[in-house]
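> FYI, the numbering for the sequence shown is 168 to 327, going by our numbering.
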Amino acid sequence: MKILFIGGTRFVGLAMAREAIARGHEVSLFHRSDKIPAGTESAIHLIGDRTKDFTSLQTGNWDVVVDVCGYRPHEIHALYDVFAGRIKKYVFVSTVSVYAEDIPGNSTESAKLADVSMLADKEPITVPIDGETYGPLKVLCEAAVREHYSNNLIIRPTYI
Numbered sequence: 168m169k170i171l172f173i174g175g176t177r178f179v180g181l182a183m184a185r186e187a188i189a190r191g192h193e194v195s196l197f198h199r200s201d202k203i204p205a206g207t208e209s210a211i212h213l214i215g216d217r218t219k220d221f222t223s224l225q226t227g228n229w230d231v232v233v234d235v236c237g238y239r240p241h242e243i244h245a246l247y248d249v250f251a252g253r254i255k256k257y258v259f260v261s262t263v264s265v266y267a268e269d270i271p272g273n274s275t276e277s278a279k280l281a282d283v284s285m286l287a288d289k290e291p292i293t294v295p296i297d298g299e300t301y302g303p304l305k306v307l308c309e310a311a312v313r314e315h316y317s318n319n320l321i322i323r324p325t326y327i
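Below you can see the structure in the form of structure tokens.
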């Protein structure tokens, strides 16, 4: 399988990329760093920046894109424009912070989401990411994923 990780050189993305490589997948990593992390030497390293430089993503096709570092909805919209039908599935690593704080225990994934109204009069691109905005921004990212990718998977991990 051809897998593209958006990120993939640190933290959970790096662990996922290393596992994909170990399982024999053809892995590409889109990242900003000029350093190649141990365990990813066999991957294709596509250097760029998801906020301003997609040059290295202009060609290529992937079975799945795993986005481990989307924090603002415009980042999701921009990638969709870049891929233009060249991917089969989009996996977005979100967070349980998308849920409202008052949901009851043992809720399902259809539980009430965090209120995004605090962002209504703000431009998400300029909002600082902090304890108050992180969840609502991820809610907007998930909405962007659903808007653009019919074949998507949204993962909401707890603490990693």
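By construction, the Cβ of each residue, glycine as well, lies at the ideal position given by its N, Cα and C atoms.
In this text the structure is predicted, and so the values were computed from the model without any measurement.
By Cβ distance, which residues of its chain are closer than 6 Å to D253, with the 5 residues on each side in sequence left out?
Here residue 253 turns out to be Arg, not Asp, going by the sequence shown. Closer than 6 Å at Cβ, skipping near neighbours: N228.
> Quick check on D234: buried or exposed, where buried means 16 or more other Cβ atoms within 10 Å of its Cβ?
buried
> In its own chain, which residues sit with a C-beta less than 8 Å from the C-beta of Q225, not counting the 5 before and 5 after it?
V249
> Can we say the segment 193–212 touches the segment 277–292, given the rule of at least three CB pairs closer than 8 Å?
With the cut-off at 8 Å, the segment 193–212 and the segment 277–292 do not touch.
> I'd like to know whether the C-beta atoms of Y261 and R217 end up nearer to each other than 8 Å.
Per the sequence shown, the amino acid found at residue 261 is Ser instead of Tyr. It is not a contact, given that the beta carbons lie outside the stated cut-off.
> Ends of the alpha helix (DSSP H) at L320?
From DSSP, L320 is part of no alpha helix (DSSP H) but of the beta strand (DSSP E) over 319–322.
> Note the first and the last residue of the continuous alpha helix (DSSP H) segment covering K305.
301–315
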